[in-house]
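J.: Questions regarding the structure given below will be posed in turn.
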Amino acid sequence: MNLLRLEFFKCRRRHIVLVCAAVLGVELFWFGAFLTRQDAEDLAWGWMLLLYNLALIDAIILPLSVAVLASRSCELEHKGGTWKLLETMANPGKLYAAKLAWGALVLAALLVVRTGIFAAMGMALHFPGTVPWVRFGVFTLISWAVSMMVYALQQGLSLYYANQAAALVCGVAGSFLGILSMLFPPALVRFVPWGYYGLMALVRMDWNEATRVTRFFWKWPAPADLILLCVWAAAFLLAGRALFVKKEV
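According to UniProt numbering, the residues represented by the sequence shown are 1 to 249, in order.
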């Protein structure tokens, strides 16, 4: 707990709140611009339309956002050359765990606030039916789990490389692959970590080429995909921790 408190103390001037506000602002602007192009028939899908597009936005925005958060958390020690000092107070494994816990809490807060904002938006737009809070909760949990998998990768890169360009380039590539993977068949998406934002989406779209009618439907993530997500997360976590523990300071 002391190390976790220290992480929050160190990041108090790292503009983390501004980074999170920027993420929310971009998502709101993106979805707002999307809504202006929809007719009454499209808006009738309401909450399904909202959650489908949030999964799409997550695949584009969150990989880079997660990379930025991980970089902001780790670059301070590289710049100040304080790793040796820190590792006299605690072993590297505990330092790694504290930074991972910090990222988990920040991402959880970001996504919970995001859920509240978009639920309020749906109510303000009078989407049909009541707010599907259970599905919103599951969607938030899935977004958090996928983001933590990506965060484990990004934290490993940010801790290992003093130059944060490597981690940020990975984040940019992740955003590109995240949206591109939504065009891949599911079997191929499972090999793209950033593609899990779309792979595990709660809402799917079916477009009938003959009638040109778009239909949305609910679909729960497959258990096998949940297992694969855990495997990816464990692989990134163990690899990142091993590299950090063995890193010369």
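Glycine is no exception: its CB is placed at the ideal position from the N, C-alpha and C atoms. All values derive from a computational prediction rather than experimental measurement.
1) Taking the alpha helix (DSSP H) that Val192 falls in, what are its first and last residues?
2) I need the straight-line Cα distance from Met121 to Gly46, nearest angstrom please.
3) Touching or not, the segment 114 to 130 and the segment 153 to 165, by the rule of three or more beta carbon pairs under 8 Å?
4) According to the neighbour-count rule (16 or more other Cβ atoms, all chains shown, within 10 Å of its Cβ), is Val203 buried or exposed?
5) Tell me which same chain residues have a C-beta within less than 7 Å of the C-beta of Ile179, skipping the five on either side of it?
6) Can you grab the Cα-Cα spacing for the pair Leu188 / Phe29, in whole Å?
7) Skipping 5 residues on each side, what residues in its chain have a beta carbon closer than 8 Å to that of residue 254?
8) Over what stretch of residues does the alpha helix (DSSP H) that includes Val131 continue unbroken?
9) With DSSP run on the structure shown, which of helix, strand or coil describes Thr115?
10) Just the C-alpha distance for Ala119 and Leu35, rounded to the nearest angstrom, thanks.
11) So the candidates are His15, Ser181, Glu7 and Trp102; which of them puts its Cα closest to the Cα of Ala152?
12) Nearest to Gln155 by CA position, among Phe191, Pro186, Lys99 and Leu199, is which residue?
13) With Arg215 as the anchor, note down where its beta strand (DSSP E) starts and where it stops.
14) By the three-class DSSP mapping on this structure, what secondary structure does Met48 have?
15) What did DSSP end up calling Arg204 once you bin it into helix, strand or coil?
16) My understanding is that Leu177 touches Gly195, with C-beta atoms under 8 Å, so please give their C-beta distance in whole angstroms.
17) Can you check which of these residues, Leu238, Leu243, Pro132 and Met149, is closest to Trp218 by C-alpha distance?
18) Locate the alpha helix (DSSP H) running through Asp39, then write down its first and last residues.
T.: In this structure, then:
1) It is not in any alpha helix (DSSP H) - Val192 carries neither H nor E in the DSSP assignment.
2) 11 Å
3) no
4) buried
5) Ala59 and Ile60
6) 31 Å
7) A question about residue 254 goes unanswered here, because the residues of the chain that appear run from 1 up to 249.
8) Taken as a continuous stretch (DSSP letters only), Val131 belongs to no alpha helix (DSSP H), as it is neither H nor E.
9) helix
10) 15 Å
11) Trp102
12) Lys99
13) Val213 to Trp218
14) helix
15) strand
16) 7 Å
17) Pro132
18) Asp39 -> no alpha helix (DSSP H), and no H or E assigned at all.
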